[in-house]
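Here's the structure we're looking at; comments come further down.
Protein chains: 2
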Amino acid sequence: MKQKSTSSGVKEIARRANVSIATVDRVIHNRTGVSEKTRRKIDLIIREMNYQPNILASRLASRKVFHFAILIPRVSEETDYWEAPLNGIQRATAAIKQYGINVDHYFYDLNDKKSFTRQTQIILKQKTDGVLMAPSFIEEAVHFAEECRKRNIPYVFINSDIPQQDSLCYIGPHLFQSGYLGAHLVNLGTSRKGKTLVVNISREIDNHHHLLRKEDGFRSYFKDHGSPQEIIKLDIRQTHYQAVSRKLSKTLRDFPDITAIFVTNSRVSTVASFLEKSGLENILLIGYDFLRENVRYLEKGTISFLICQQPEEQGYQGTMALYDHLVLGTQIEKVHFMPIDIITKENYEFYQTAK
Amino acid sequence: MKQKSTSSGVKEIARRANVSIATVDRVIHNRTGVSEKTRRKIDLIIREMNYQPNILASRLASRKVFHFAILIPRVSEETDYWEAPLNGIQRATAAIKQYGINVDHYFYDLNDKKSFTRQTQIILKQKTDGVLMAPSFIEEAVHFAEECRKRNIPYVFINSDIPQQDSLCYIGPHLFQSGYLGAHLVNLGTSRKGKTLVVNISREIDNHHHLLRKEDGFRSYFKDHGSPQEIIKLDIRQTHYQAVSRKLSKTLRDFPDITAIFVTNSRVSTVASFLEKSGLENILLIGYDFLRENVRYLEKGTISFLICQQPEEQGYQGTMALYDHLVLGTQIEKVHFMPIDIITKENYEFYQTAK
DNA sequence: CTGAAAGCGCTTACAG
DNA sequence: CTGAAAGCGCTTACAG
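Sequences listed follow chains F and C, in order.
All the letters of the first sequence, read from the start, carry residue numbers 1 to 355 under my numbering.
All the letters of the second sequence, read from the start, carry residue numbers 1 to 355 under my numbering.
In structure tokens:
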């Protein structure tokens with residue numbers, strides 16, 4: 001069952017090829033300074049033996065430390081969403097730091113493009129072997145991705161994707177599908193007679209195409225199930241309560257038969273607050289993300305469903321993808337869509353309890 | 001930022017304590033043969049330095065191979081549920097086999113208690129450092145757990161728990177809560193006028209107390225929300241289609257106002273098949289587990305919701321718990337309840353897509 | 001283009 | 001009770 005240690009490893013390869021282990025090492029790592037003939041001979045033996053390098057020994061002997069740069073939004077009062085990915089990243093860090101991985105964090109402000117660019121510039125000055133980023137600002141992220149590519153630094157996208165950017169991989173939600181699911185929940189939770197309101201709340205509705213992709217998915221469901229005319233749309237470009245409240249009041253006055261509201265992002269708690277204050281709690285409310293505020297309204301019943309996409313796992317798996325690629329040389333899946341979780345009053349306690 | 005390598009590690013401890021590294025090693029691993037005085041001195045220095053052993057070096061130098069025994073049901077035609085935990089176990093195995101972990105699988109037949117006992121006996125004859133098991137047969141599992149305890153072999157439960165058995169940990173569903181959630185979904189998906197049918201389908205209803213715990217949760221929801229009298233209960237002790245069909249026919253004839261059926265385990269597809277053939281597809285059907293057959297009916301709309309508990313993660317995390325405990329010496333959480341996922345037609349594609 | 005030797009930070013016999 | 005030395009399977013200068 002178990003091979004004798006003498007019959008595997010670089011030593012054995014060297015013995016069979018009649019060279020030194022240093023030369024074997026050069027071939028294994030595709031380094032220069034080996035004659036074609038020798039290289040071929042060694043390659044052949046490696047294949048024959050189905051040689052698997054011992055990562056323990058490799059990492060121990062190598063003085064090399066890998067530097068990962070994490071570029072994500074700062075956790076703020078306004079949104080504690082990013083706490084979860086950060087936790088996942090820290091969990092991954094704990095698992096791999098033993099193996100000579102250094103993880104540096106660069107936080108930017110979601111309300112300030114400049115801060116994103118500033119952080120990318122710092123990263124590019126640093127010695128960096130891999131990048132994990134949430135590409136919140138498309139243009140800026142594309143530019144940064146180009147710089148990484150030039151330097152041969154692999155980068156992973158989490159939370160939202162920018163396709164065609166040759167990233168190592170994308171780990172995050174399938175936005176269209178999550179909107180589609182949202183519509184399904186509306187359909188389940190209301191009689192089919194009322195109208196449905198879709199609400200985008202964001203200072204950057206036009207830059208944040210991911211909101212629109214969710215809305216598309218939402219509408220598609222109704223198209224597929226035959227009542228697209230019942231959807232009212234409301235864009236709110238100021239995120240504070242007053243603005244949201246004013247806009248909602250008006251819309252609900254104009255359309256008194258609205259029975260469900262779908263908020264395309266985590267700002268659903270603002271809407272919940274409005275409904276509560278207005279005594280409109282029989283309107284079905286659905287939104288995104290496992291934020292403390294949102295969960296509070298879920299508990300109360302003001303919010304019926306939160307759609308979540310395992311942000312903690314996104315951070316964990318994104319970091320591990322860099323590790324697997326850079327350290328273990330594993331092949332990485334280009335796209336990994338997260339499960340679309342439905343959180344309710346009854347199951348929220350068991351969401352994100354992972355250590 | 002980075003400490004010079006000379007100022008950390010056993011060598012440095014040895015230097016400071018004025019002893020050899022062999023003695024330091026003895027203290028680190030709590031081995032005998034060190035004077036109290038020396039031990040105390042070294043312990044102090046270790047604490048002062050906040051010394052963290054280098055696992056890479058430790059695993060490399062140590063000739064020790066850890067043997068994990070995995071005791072779970074064989075994947076059968078009847079239920080492919082156990083494919084998922086097995087995948088998780090294999091993913092964990094791939095991640096840790098580099099570090100001298102040997103993982104052996106022992107499969108038993110869910111319809112055959114004896115096969116469980118037989119496998120436990122084989123395991124006990126083997127050199128085993130840790131056990132991961134699904135304790136499907138309580139009595140037999142308790143007995144095996146005792147034997148492990150005698151031998152100082154830690155064991156992890158997945159999928160269902162046996163409390164008070166001093167396991168290293170339990171990783172799996174909170175059964176009561178998942179039943180509670182099932183009732184919530186019934187409530188959402190039906191008008192409150194109809195009756196609800198709870199169906200237990202198992203040859204071993206009385207041994208499999210976990211079915212009953214789900215039923216309890218289910219009933220509690222209605223109690224908390226005020227209509228317990230509307231629940232009809234049906235136990236079916238033969239699992240083949242004919243038996244299920246016969247029983248269901250009769251019950252639905254007796255209670256024509258049943259509008260929802262809650263099946264307490266993965267055999268919900270049998271009920272779905274019956275409803276389909278009987279043209280009763282407007283009855284809301286809810287059950288458990290992401291099996292191919294179940295998903296087929298989810299797609300068709302015959303089943304509205306499947307409740308799932310990340311079986312793949314149970315396998316992965318269970319295996320890693322053994323690793324963390326035995327190899328890294330990490331403190332392990334006693335109980336880790338899995339998230340309770342709700343799977344629908346719209347989100348099933350994104351469930352269990354993890355590699 | 002190639003090899004001998006030292007070393008990564010531990011563990012393991014073995015000798016005293 | 002303690003220590004010197006070899007070795008785990010690699011990588012890394014360095015010398016030729």
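Even glycine gets a Cβ: it sits at the ideal position worked out from N, Cα and C.
Exercise for the section: Give me the Cβ distance between L306(C) and Y288(C), rounded to the nearest whole Å; I'm assuming they're in contact under 8 angstroms. Expected result: Right, the Cβ-Cβ distance comes to about 7 angstroms (below 8 angstroms), so this counts as a contact.
Practice task
With DSSP as the reference, please indicate the residues paired to Y106(C) in a beta bridge.
Solution key: BP columns for Y106(C) point to L71(C).
Practice task
Pull up the distance between the alpha-carbon of I342(C) and that of C308(C), whole angstroms please.
Solution key: For I342(C) and C308(C), the distance between alpha carbons rounds to 6 angstroms.
Exercise for the section: With DSSP as the reference, label T302(F) as helix, strand or coil. Expected result: In this structure, T302(F) counts as coil in the three-state DSSP scheme.
Practice task
Answer with yes or no whether the minimum CB distance from A84(F) to chain C is below 7 angstroms.
Solution key: Not closer than 7 angstroms to any Cβ of chain C, the Cβ of A84(F) fails to qualify, so no.
Practice task
Could you work out which residues of chain C lie near I342(F), taking near to mean beta carbons separated by less than 8 angstroms?
Solution key: Close partners of I342(F) in chain C (Cβ separation under 8 angstroms): D341, I342, T344 and N347.
Handout entry: CB of F222(F) within 7 angstroms of CB of A272(F), strictly
Key = Going by C-beta atoms, F222(F) is not nearer than 7 angstroms to A272(F).
Problem - C-alpha gap between V268(C) and N159(C), whole angstroms - result: Taking the straight line from one Cα to the other gives about 18 angstroms.
Practice task
Determine the burial state of D257(C): buried for a count of at least 16 other Cβ atoms within 10 Å of its Cβ, exposed for fewer.
Solution key: So D257(C) counts as exposed.
Handout entry: Which of helix, strand or coil DSSP assigns to D235(F)
Key = In the structure shown, D235(F) adopts extended strand secondary structure according to DSSP, grouped into three states.
Handout entry: Members of the stretch 215-228 of chain F near chain C, C-beta cut-off 8 angstroms
Key = Per Cβ criterion, the list reads Y221.
Handout entry: Whether V156(C) touches A321(C) by CB criterion (7 angstroms)
Key = The beta carbons of V156(C) and A321(C) sit closer together than 7 angstroms.
Handout entry: Proximity test, Cβ basis, 7 angstroms: Q98(F) and chain C
Key = So yes, Q98(F) belongs to the interface.
Exercise for the section: Give the DSSP-derived three-state secondary structure of K64(F) in the structure shown. Expected result: Shown here, K64(F) sits in coil according to DSSP, grouped into three states, outside any helix or strand.
Practice task
Check whether the Cβ of A95(F) lies closer than 7 angstroms to any Cβ atom in chain C.
Solution key: Under the Cβ criterion of 7 angstroms, A95(F) is not counted among the residues facing chain C.
Exercise for the section: Can you tell me which of the three DSSP states Y221(F) falls into? Expected result: If DSSP states are grouped into helix, strand and coil, Y221(F) belongs with the helices.
Practice task
Below 6 angstroms CB to CB, which residues in the same chain sit around K355(C) once its five sequence neighbours on both sides are set aside?
Solution key: In this prediction, K355(C) has a pLDDT of 31, which is less than 50 and means its spatial position is unreliable; what the coordinates show is noted afterwards. Take K355(C), set aside five residues on each side of it, and no residue of its chain has a beta-carbon closer than 6 angstroms to its own.
Practice task
Put K195(C) into one of helix, strand or coil per three-state DSSP.
Solution key: Of the three classes helix, strand and coil, the one that applies to K195(C) here is strand, per DSSP.
Exercise for the section: Look up Y297(C) in the DSSP assignment and say whether it is helix, strand or coil. Expected result: The answer is helix: DSSP assigns Y297(C) an H, G or I state.
Exercise for the section: Write down the C-beta distance between L234(C) and H210(C) rounded to the nearest angstrom, noting that I regard them as a contact closer than 8 angstroms. Expected result: Cβ-Cβ separation between L234(C) and H210(C): approximately 18 angstroms, too far for a contact (criterion under 8 angstroms).
Practice task
List the residues of chain C that A243(F) touches, going by C-beta distances under 8 angstroms, in chain order.
Solution key: Those do not exist, as A243(F) stays about 32 angstroms from chain C at its closest Cβ, beyond 8 angstroms.
Exercise for the section: Could you work out which residues of chain F lie near Y351(C), taking near to mean beta carbons separated by less than 7 angstroms? Expected result: Per Cβ cutoff of 7 angstroms: P339.
Handout entry: Cβ neighbours of K97(C) in the same chain (closer than 8 angstroms, five flanking residues each side left out)
Key = For K97(C), where only same-chain residues beyond five positions count, the Cβ hits under 8 angstroms are V103.
Practice task
Sort Y241(F), H240(F), F218(F) and I236(F) by Cα distance to E230(F) and report the nearest one.
Solution key: If we check each option's Cα against that of E230(F), F218(F) comes out closest.
Handout entry: Proximity below 7 angstroms, CB of L132(F) to CB of I70(F)
Key = In this structure, L132(F) lies near I70(F), with their beta-carbon atoms less than 7 angstroms apart.
Exercise for the section: Can you grab the Cα-Cα spacing for the pair T330(F) / D324(F), in whole Å? Expected result: If I take the Cα positions, the gap works out to 5 angstroms.
Exercise for the section: State the CB to CB distance for the pair T264(F) and E215(F), rounded to an integer number of angstroms; the pair is presumed to be in contact (CB under 8 angstroms). Expected result: Yes, they are in contact, since the Cβ atoms of T264(F) and E215(F) sit about 6 angstroms apart, within 8 angstroms.
Handout entry: chain F contact for V335(C) (CB, 7 angstroms cutoff)
Key = Taking Cβ atoms only, chain F never reaches closer than 7 angstroms to V335(C), which makes this a no.
Exercise for the section: List the endpoints of the continuous beta strand (DSSP E) containing F262(C). Expected result: Counting along the chain, the unbroken beta strand (DSSP E) around F262(C) starts and ends at I258 to V263.
Exercise for the section: Tell me F171(C)'s beta-bridge partners as DSSP assigns them. Expected result: Note on identity: in this sequence residue 171(C) is Ile, with Phe being the wrong assignment. According to DSSP, which records beta bridges pairwise, I171(C) is partnered with I158(C) and H336(C).
Exercise for the section: Could you tell me whether the stretch 233-249 of chain C touches the stretch 190-202 of chain C, using the rule of 3 or more Cβ pairs below 8 angstroms? Expected result: Contact between the stretch 233-249 of chain C and the stretch 190-202 of chain C is present, because at least three Cβ pairs lie under 8 angstroms.
Practice task
Return no unless some Cβ of chain F is closer than 7 angstroms to the Cβ of R59(C).
Solution key: At a cut-off of 7 angstroms, the C-beta of R59(C) has a neighbouring C-beta in chain F.
Problem - Residue environment, A61(C), which counts as buried when at least 16 other CB atoms sit within 10 Å - result: Within 10 angstroms of the beta-carbon of A61(C) lie fewer than 16 other beta-carbons, which makes it exposed.
Handout entry: For Y288(F): DSSP bridge partner residues
Key = Note: Y288(F) sits in a beta bridge opposite I307(F).
Handout entry: Below-7 angstroms beta-carbon distance, L188(F) vs any chain C residue
Key = Judged by the 7 angstroms Cβ criterion, L188(F) is in contact with chain C.
Practice task
Using a Cβ-Cβ cut-off of less than 8 angstroms, list which residues of the stretch 26-59 of chain F approach chain C; keep chain order.
Solution key: Of all residues in the stretch 26-59 of chain F, N54, I55, L56, A57 and R59 have a Cβ within less than 8 angstroms of some Cβ in chain C.
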